[in-house]
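Working notes, structure below.
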Amino acid sequence: MTPQLDIYLYSPHEVPVWAPVLGPLRARGVDARFVLEPPGRNVAWGSAPDPARGWLDVKTERLVRLVDAATEQAVLAELTKVGEEPLRRRRLRASGGTTQGSSWVRGYSGARARMMYGVGLVNGAYGHGVVNRGFDLVLVHGPFSAAEIALAAPGVRTAVVGFPKWAAFRRGEVSRERARDALGVGRSGRPVLAWLPTWAHRSSLSNAPALASLAETFEVVMKPHHNSARFESGRLSGLPPQVIAVPASSSLVDLLAAADVVVADLPSGGFTEALLADRPVVVLAQPGDRDRAHAAVTEVADLCADPAGLPALAARAYRDDPCAEGRRRWAPELFGDTRGRDDELAAEALAGVVTESRSLARVLAAAGWRARQQAARLANRR
1 MTPQLDIYLY SPHEVPVWAP VLGPLRARGV DARFVLEPPG RNVAWGSAPD PARGWLDVKT
61 ERLVRLVDAA TEQAVLAELT KVGEEPLRRR RLRASGGTTQ GSSWVRGYSG ARARMMYGVG
121 LVNGAYGHGV VNRGFDLVLV HGPFSAAEIA LAAPGVRTAV VGFPKWAAFR RGEVSRERAR
181 DALGVGRSGR PVLAWLPTWA HRSSLSNAPA LASLAETFEV VMKPHHNSAR FESGRLSGLP
241 PQVIAVPASS SLVDLLAAAD VVVADLPSGG FTEALLADRP VVVLAQPGDR DRAHAAVTEV
301 ADLCADPAGL PALAARAYRD DPCAEGRRRW APELFGDTRG RDDELAAEAL AGVVTESRSL
361 ARVLAAAGWR ARQQAARLAN RR
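If you read the sequence shown in this note's numbering, its first letter stands for residue 1, the second for the next number, and so on.
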């Protein structure tokens, strides 16, 4: 029987994370498909930030279905870009893949796999914590994440595969000129500064005037976090006109390839992806976040705790690139030394786990989950 892998989606940003692995997986005999269950049936729930409390996000409050009609259409548009037609209902006898926690794939009888989608260079990073429990395999970007997960979630099996989304870049197939053309940036004659805010209360969107002041020297191009696009449209609509905002669905690989210098928030995965792109970085720390910074942060980037100092730090990063040595030392720790084989390494690891025989306990647990879901649907109809 052909092994099957369902990649269960809830957000547009997941498509470029997984898409490079599909071809290599299928070449290894795995029937890998994206699955997008529609609003009302999709199992993805999450918290929404509260604008009345400074966009505070509390994971146990203001819970909403993450897939609404607009999100569904945005995911479908991303799938169209990569030539994929998603399944609209999961194949429960398959293996399940996700970027999130194991609860979203617990109905599957086969293996459960998680793909990381960025590295947080902060102590207690979400992606290194309990979110990894319950999986048969977690695909991690580099040795750093493997070690952090081993401490926070002992016993979880990991495979270091790099970052498949970046495989083409790491093979030298993404040029600065092509990336700028794709995004329509870099035509002003000023150096391009990529601004990568995270979302909720840790976001530098609250420091937008300071970022706008950089436009005297740089062409400031901002890519919103996918959760800002979903929950924080009010913040995005109020951006200063000096800032060029590209759609949240734009390629972060292209934006970082196009950039001369990067400003990113400390907890953001975009911060460390800038290191992978080998771009000078100024990292912004909001109040309360600086104490979470990993010791390596000041080796790889200029740390800015006061937005008033941002213009001088951005100019120095662009002109002198003082952290180049540290950045290049840490990039292989964060993202592995893959030589551009990230997509192949991920496919090899996934193909191995989805073809392993599942225990009777897993099959029975999945069957029990399906029975409970069916009972809940019947109860709701009465």
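We put the beta carbon where it would ideally sit given N, CA and C, even for glycine.
- Restricted to the stretch 273-333, the alpha helix (DSSP H) segments that are unbroken, complete and at least 4 residues in length are 297-300, 310-320, listed in chain order.
- The beta strand (DSSP E) runs lying completely inside the stretch 35-94 and spanning 3 residues or more are 45-47, 63-65, given in chain order.
- Of the candidates H226, D254, G234, V220, the residue whose Cα lies closest to the Cα of V243 is V220.
- Short of 6 angstroms from the beta carbon of R133, and not among the five residues preceding or following it, lie these beta carbons of its own chain, in chain order: A153.
- The beta carbon of K59 sits closer than 6 angstroms to the beta carbons of S47 from its chain, once the five residues preceding and following it are set aside; these are given in chain order.
- Burial check for N123: the Cβ neighbour count within 10 Å stays below 16, so the residue is exposed.
- The Cβ atoms of T338 and G172 lie no closer than 7 angstroms to each other.
- About 7 angstroms separates the Cβ atoms of V75 and V15, confirming a contact at the 8 angstroms cut-off.
- Residue environment for Y117: buried (at least 16 other C-beta atoms within 10 angstroms of its C-beta).
- Under the three-state reduction of DSSP, G97 is assigned to strand.
- Each of P287, T272, P311, D306 was checked against the Cα of E299, and the nearest Cα belongs to T272.
- A315 and K81 have their alpha carbons spaced roughly 36 angstroms apart.
- If you look at R112, you'll find it isn't in any alpha helix (DSSP H); it sits in the beta strand (DSSP E) that goes 112-115.
- Sequence-distant partners of N227 (beyond 5 residues in either direction) whose C-beta falls short of 6 angstroms from its own C-beta, in its chain, are W199.
- When C-alpha distances from A248 are compared across D291, T71, V43, the shortest belongs to T71.
- Taking a C-beta distance under 7 angstroms as the contact criterion, G54 and H225 do not qualify as a contact pair.
- Distance from the Cα of M222 is smallest, within the candidate group R230, L183, G234, F231, for L183.
- In the three-state scheme derived from DSSP, where H, G and I count as helix and E and B as strand, R157 is classed as coil.
- According to the DSSP assignment, V30 belongs to no alpha helix (DSSP H), since it is labelled neither H nor E.
- Y10 is bridged by DSSP to nothing; it lacks a bridge partner.
- One Cα belongs to V105, the other to A346, and the distance between them is close to 19 angstroms.
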